[in-house]
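**Q** Heads up: the sequence shown begins at 81 in my numbering, then just goes up one per residue.
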Amino acid sequence: MVTVRSFAKINLGLRIGALRSDGFHELLTVYQTIALHDVIRVQVGRGSGVEIRSEDPRVPKDRSNTCYRIVERTVAALRARGRVVIEIEKRLPVQGGLGGASGNAVTALLALERALKKELPGPERLRIAAEVGSDLPLFLVGGTVLGVGRGEEVYPLPDLPAVACVVVTPEVGVSTPKAFADWDGMQAAELTPAEPSDRMNEFGRVLSAWLSAPGRFKDKAKSGKGLSGVSARGRGRAETPLLDLVRTGIENDFERVVFPQYPELLEVKRVVERAGAFYASLSGSGSAIYGLFATRTAAQRAAAKLQKMGVKALATSTLTRRQYWNKFLVSGF
Ligand code: C5P
Numbered sequence: 081m082v083t084v085r086s087f088a089k090i091n092l093g094l095r096i097g098a099l100r101s102d103g104f105h106e107l108l109t110v111y112q113t114i115a116l117h118d119v120i121r122v123q124v125g126r127g128s129g130v131e132i133r134s135e136d137p138r139v140p141k142d143r144s145n146t147c148y149r150i151v152e153r154t155v156a157a158l159r160a161r162g163r164v165v166i167e168i169e170k171r172l173p174v175q176g177g178l179g180g181a182s183g184n185a186v187t188a189l190l191a192l193e194r195a196l197k198k199e200l201p202g203p204e205r206l207r208i209a210a211e212v213g214s215d216l217p218l219f220l221v222g223g224t225v226l227g228v229g230r231g232e233e234v235y236p237l238p239d240l241p242a243v244a245c246v247v248v249t250p251e252v253g254v255s256t257p258k259a260f261a262d263w264d265g266m267q268a269a270e271l272t273p274a275e276p277s278d279r280m281n282e283f284g285r286v287l288s289a290w291l292s293a294p295g296r297f298k299d300k301a302k303s304g305k306g307l308s309g310v311s312a313r314g315r316g317r318a319e320t321p322l323l324d325l326v327r328t329g330i331e332n333d334f335e336r337v338v339f340p341q342y343p344e345l346l347e348v349k350r351v352v353e354r355a356g357a358f359y360a361s362l363s364g365s366g367s368a369i370y371g372l373f374a375t376r377t378a379a380q381r382a383a384a385k386l387q388k389m390g391v392k393a394l395a396t397s398t399l400t401r402r403q404y405w406n407k408f409l410v411s412g413f
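#1: Between the Cα of residue 334 and those of 377, 288 and 366, spot the shortest distance and give me the residue it belongs to.
#2: Kindly indicate the opening and closing residues of the alpha helix (DSSP H) around residue 208.
#3: Return the chain-ordered ranges of every beta strand (DSSP E) run that is complete within the segment 186-262 and spans a minimum of 3 residues.
#4: Nearest by alpha-carbon distance to residue 102: which of 229, 179, 115 and 287 is it?
#5: Note down the Cα distance separating residue 324 from residue 132, rounded to an integer number of angstroms.
#6: I need the DSSP call for residue 106, collapsed to helix, strand or coil.
#7: Within the same chain, show all residues whose beta-carbon is closer than 6 Å to that of residue 141, passing over the 5 residues directly before and after it, in chain order.
#8: Could you give the distance in angstroms between the alpha-carbon of residue 394 and the alpha-carbon of residue 361?
#9: When we look at the beta-carbon of residue 87 and count the other beta-carbons within 10 Å, is it buried (16 or more) or exposed?
#10: Taking all protein chains shown into account, do 16 or more other C-beta atoms lie within 10 angstroms of the C-beta of residue 136, making it buried, or fewer, making it exposed?
#11: Going by C-alpha distance, which of 320, 283 and 280 is nearest residue 294?
#12: Please list the terminal residues of the continuous alpha helix (DSSP H) segment that includes residue 336.
#13: Looking at C-alpha atoms only, which residue of 177, 173, 148 and 176 is the closest neighbour of residue 164?
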């Protein structure tokens, strides 16, 4: 049995571009993995087929589960035999903008490779992940990841020092396809809509300027080592790239369609900001909302305050690429 951690992600800004002929939208986003995770166990036994097990009734056990679909494809691509049993220990919200199901699928693929002692070539893995969903491939990279295309084309960005955050998971369920359709409707209704490509280019320029600022990623030695408080004294600009990124004013376009429909989510964002976050945003199409904090203590205090108000909130931290892969495997065989 192979046991792995399936981490969640947040989006540090997300821009929606033109609707493509294949029905997907052009997307530009910065994904960031965080320490919140589910646990996935994979076993290969005699027989054939795929079996999904989970104590959580919200987890589908059939082909509608992304784990099921990715495992079928992986078994075929590896020309492997056997019955694959996937156990999903759900700790993350099932619907939420945190990429929970997507991360589960990718980690199931990687755990299966390990269980079979067979590996797919990197590009093949990425192809299979992208076939199953747009926000799967990011989990093959981890850390801070640039997402382009329909979000499935991923490029590792320099690792940012880990930052404390609070993740709020409201009960509301937001449908991603509907949020995209609402975005199209909103753009069509605008009197002078900006060209989608102009908006994408603008976002791209902001990211390029941020990435190429002198001294941005100088301090490599510390980047993999836990939290570095952004307010800590004596630390230079090079250690606060995440703070600088969110200060560029990057936003999540989904907020413009989701908040008017679910005003309670905008209220949650305001509460997170008032609780001391230096940046708060909807993640993906929601309904998860996160806040970034200067220190772990500040994040814990804010989470406690939110919980007292009856809001489901968890204090956690962002995960660097190194941390993501170091913590990935729980146990081998
Ligand atoms: O790729 P994924 O299965 O996550 O996409 C779910 C749905 O979200 C798609 O069928 C599509 O309607 C919409 N989508 C989109 N543009 C994207 C990603 C997803 O329109 N870039």
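For glycine and all other residues, C-beta sits at the position ideal for the given N, C-alpha and C.
**A** Let me spell this out:
#1: For residue 334, the nearest C-alpha among the options comes from 366.
#2: Here the alpha helix (DSSP H) through residue 208 covers 202-212.
#3: As for any beta strand (DSSP E) of minimum length 3 sitting wholly inside the segment 186-262, the runs are 224-228, 233-236 and 244-248, ordered along the chain.
#4: Closest in C-alpha terms to residue 102, from the list 229, 179, 115 and 287, comes 229.
#5: Each residue's alpha carbon lies about 42 Å from the other.
#6: Here residue 106 sits in strand by DSSP.
#7: Cβ neighbours of residue 141 beyond the five flanking positions: 132.
#8: For residue 394 and residue 361, the gap between their C-alpha atoms comes out near 15 Å.
#9: It is buried - the Cβ of residue 87 has at least 16 other Cβ atoms within 10 Å.
#10: Classified as exposed, residue 136 has fewer than 16 neighbouring CB atoms from the shown chains inside 10 Å of its CB.
#11: Cα-wise, what sits closest to residue 294 is 320.
#12: Segment 335-341, the alpha helix (DSSP H) holding residue 336.
#13: Comparing alpha-carbon positions, the option among 177, 173, 148 and 176 lying closest to residue 164 turns out to be 148.
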